[in-house]
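Read through the structure below, which is laid out as structure tokens, and then see the notes.
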Amino acid sequence: MGIVLKQTVRGSIYTYIGAALGFITLVFIQPHVINPEQVGLIYMLNDLAVLFATFAALGFSSTIRYFPYFRSKEHKHHGYLFLALMVALVGFLLICAVIILFKDQIVRQKSQESFLFSDYYYYLIPLTLFFLYFNIFDLFARVNYNTVFSRFLREVLKRILVLCAFMFLLFKAVDFDGFMPIWLVANILPTFTLLIYSFKMDTFSFLPDFKFLKRNKPLVKKLINISGFTLLVGTAPFIVGMIDRYMVNRMYGLSDAGIYSIMFYFCAIITMPSRSLYSISTPVIAEAWKQSDKASIKSLYHKTCINQLIFAVLLLVGIWGNVDNIFNYLPIYEPGKYILFFIGIANVVEMGTGVNGIIIATSKYYRYDGLFYLLLIGFTIFTNMIFLPLYGMTGAAIATALTSIIFNIFRYIFVWRVFKMQPFDWRNLMVVVLGLIVYFISTLIPQLPNYVVDIVVRSAAMVLVFIPVVYFLKLSDDFNFFLEKYLKKLTALFIKR
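The sequence shown begins at 460 in the working numbering and counts up one residue at a time.
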């Protein structure tokens, strides 16, 4: 997998460092300094800002599939960055108008006992601006095959800054009103850092290359077409990703939305390796399509499915195996117990189907992926309307799991029938069976009096069974390669001592 594997591993390390920092904030600090309603506010502001930033890009991020035609270090990639920045500026101004004009419709919720969301609503404007331009500079880094530093900023630096912001609350240096501006600054500083880093790149340039665009009018038309299409349907993944939380807030208020968001975050740990993988895989697969290198795409598809499934299953088993311990420490969030289970299932399915979405999105059939997402929005809203009234917050998680499974089945069938790529074999089934066996073994371990000790013992037992079996059954060549590599390093280190 070459550069994909290298940057995925490095990016995943940063992602899990960030997850550890987020876990410290979430588990050891946040419950003691803010209530679930305030948690709901923070997650709602973040979710909406991410969504608005995506719309503000006006679909330009999808032009990455045509970047190989711009690629030229000598000519600073023919002004590609300038185009991205100008499109984003226009989009941001439009989104600002939406935020201002539709405040009442966005803030409205059935549970009106609190006006907290309304009080901090206009934080959406600076958050959207800086999230938008972080995405633009991240896009520029990705097309230059450099995803690691932006991953560090997003996953590590940002979480360090947010942790520091919460420390002000912990030591009672500020109240919640004083905390929110600090939290805002913590969210926007990574964009400035990425700007400085991008400025130092050899290919960085704010200048346009209108001559190149004039010589390549068919390419310009393609950029406009794909951007327009993405604006209409490409933002669907982000809409789908937050529909459940937004509907929980609308129906039950910020407090329930806060509980749901915390449970969602726990399960987000499962999909963290995919963030780095998808970032670097997109330009690589786009380049492979340009070169008609179908064999490389097929190989990458197979490897991502099995590698991600291994980590996803282990993490879900670890989370659900320790579910009682989690709520012994966070009893206020126990109403969200089964949210963990259903969102966890959804994330395992997403991880286990690999880069199927990227394969479709970077191919000539990219419009079909957009169509799938449009249908998914409708189906997600429909299932939430059914299950939310029946099962409350857990109903939203059930709807998410159901839609994720159906959506990825459609993608899998499409890639199989159209591109003749089928990534699964007995190894994938064996990983799932192994996960079930390991979970069953964990249930045989008696509950220890101290939940911290119980987590350590129970988790260690699951890892010590799961990893050796994966290794000796040779379920993944990449997994075995890295395990052997690091075992050799550890052996050499002990020999030197």
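Using N, Cα and C, we set each Cβ at its ideal position, and we do this for glycine too.
Predicted, not measured: the structure shown is a model, and the values here were computed from it.
Who are the near neighbours of residue i in its chain, counting only those whose CB is closer than 6 Å to its CB and skipping five residues on each side?
{"i": "R876", "result": "none"}
{"i": "G518", "result": "S686, T689, L690 and G693"}
{"i": "Y502", "result": "S720"}
{"i": "A543", "result": "F519 and I595"}
{"i": "F589", "result": "I647 and T650"}
{"i": "D715", "result": "V707 and M852"}
Could you give the residue range of the alpha helix (DSSP H) that holds residue i?
{"i": "L447", "result": "This structure leaves residue 447 out entirely; the chain is present only between 460 and 956."}
{"i": "F627", "result": "K617 to L629"}
{"i": "D634", "result": "First-last for D634: undefined, no H or E at that position."}
{"i": "V874", "result": "M852 to F878"}
{"i": "N494", "result": "No alpha helix (DSSP H) holds N494; DSSP gives it neither H nor E."}
{"i": "P677", "result": "K676 to F688"}
{"i": "Y711", "result": "A695 to Y711"}
{"i": "I769", "result": "K753 to G780"}
{"i": "T902", "result": "W885 to T902"}
{"i": "F608", "result": "V607 to F611"}
{"i": "Q564", "result": "K562 to V566"}
{"i": "L799", "result": "K796 to G811"}
{"i": "A820", "result": "N815 to A820"}
{"i": "F576", "result": "L575 to D578"}
Excluding five sequence neighbours on each side, which residues of the same chain lie with their C-beta closer than 7 Å to the C-beta of residue i?
{"i": "Q571", "result": "Note that Q571 scores 48 on pLDDT, short of 50, meaning its location in the model is unreliable; the coordinates nonetheless yield the value given after this. The answer is none, since no qualifying residue turns up."}
{"i": "L500", "result": "L575, F576, Y579 and L713"}
{"i": "A820", "result": "D828"}
{"i": "T730", "result": "N806, E809 and M810"}
{"i": "K800", "result": "Position check: residue 800 holds Phe in this sequence, whereas Lys was assumed. Excluding sequence neighbours, F800 sits near W779."}
{"i": "G816", "result": "D828 and R870"}
{"i": "P882", "result": "Y760, H761, C764 and G813"}
In whole angstroms, what separates the C-alpha of residue i from that of residue j?
{"i": "V509", "j": "V557", "result": "15 Å"}
{"i": "R704", "j": "N675", "result": "44 Å"}
{"i": "F487", "j": "I493", "result": "12 Å"}
{"i": "F786", "j": "Q489", "result": "15 Å"}
{"i": "R618", "j": "T484", "result": "8 Å"}
{"i": "F593", "j": "S863", "result": "28 Å"}
{"i": "I818", "j": "D597", "result": "21 Å"}
{"i": "F599", "j": "I472", "result": "22 Å"}
{"i": "E943", "j": "Y825", "result": "39 Å"}
{"i": "N887", "j": "G854", "result": "29 Å"}
{"i": "Y711", "j": "F725", "result": "21 Å"}
{"i": "M701", "j": "T950", "result": "46 Å"}
{"i": "V621", "j": "L834", "result": "36 Å"}
{"i": "M460", "j": "I698", "result": "In this predicted model, M460 has a pLDDT of only 48, less than 50, meaning its place in the structure is not dependable; the value taken from the coordinates is given anyway. Using only the alpha carbons, I get a separation of about 31 Å."}
{"i": "V814", "j": "K948", "result": "31 Å"}
{"i": "F630", "j": "I756", "result": "52 Å"}
{"i": "M639", "j": "Y656", "result": "27 Å"}
{"i": "R709", "j": "D783", "result": "29 Å"}
{"i": "K562", "j": "L586", "result": "16 Å"}
{"i": "K659", "j": "L653", "result": "10 Å"}
{"i": "A515", "j": "K681", "result": "19 Å"}
{"i": "C474", "j": "L612", "result": "Cys is not the amino acid found at residue 474; the sequence shown has Thr there. In a straight line, the C-alpha of T474 is about 10 Å away from that of L612."}
{"i": "D506", "j": "S740", "result": "25 Å"}
{"i": "Y788", "j": "A727", "result": "19 Å"}
{"i": "D752", "j": "M545", "result": "33 Å"}
{"i": "F541", "j": "K749", "result": "24 Å"}
{"i": "L678", "j": "I804", "result": "41 Å"}
Pick out whichever of the options has its Cα sitting closest to the Cα of residue i.
{"i": "F831", "options": "I702, F866 and T812", "result": "F866"}
{"i": "Y760", "options": "M810, V772 and A771", "result": "M810"}
{"i": "I857", "options": "K673, V707 and V615", "result": "V707"}
{"i": "I559", "options": "A951, L583 and V549", "result": "L583"}
{"i": "I744", "options": "R601, P585 and N505", "result": "R601"}
{"i": "K961", "options": "K673, E746 and K796", "result": "The requested residue 961 does not occur in the structure, where the chain is confined to residues 460 to 956."}
{"i": "L775", "options": "S918, V814, W885 and P640", "result": "S918"}
{"i": "G777", "options": "R709, A860, I791 and M921", "result": "M921"}
{"i": "E614", "options": "A645, M626, D636 and N603", "result": "A645"}
{"i": "V929", "options": "I769, M722 and V498", "result": "I769"}
{"i": "S758", "options": "K879, V911, T842 and L628", "result": "K879"}
{"i": "G477", "options": "P696, C555 and R610", "result": "R610"}
{"i": "I802", "options": "A771, V549, F551 and I791", "result": "A771"}
Tell me which same chain residues have a C-beta within less than 8 Å of the C-beta of residue i, skipping the five on either side of it?
{"i": "T902", "result": "G780"}
{"i": "L847", "result": "M706, V707, M710, G854, A855 and A858"}
{"i": "F635", "result": "I493, Q497 and L628"}
Nearest chain D C-beta to residue i closer than 9 Å, yes or no?
{"i": "C555", "result": "In the structure shown, chain D cannot be found, because there is only a single protein chain."}
Tell me, please, whether the segment 896-908 touches the segment 827-845 by the rule of three or more beta-carbon pairs shorter than 8 Å. no
Does the pairing of the segment 751-767 with the segment 931-948 give three or more beta-carbon distances under 8 Å? yes
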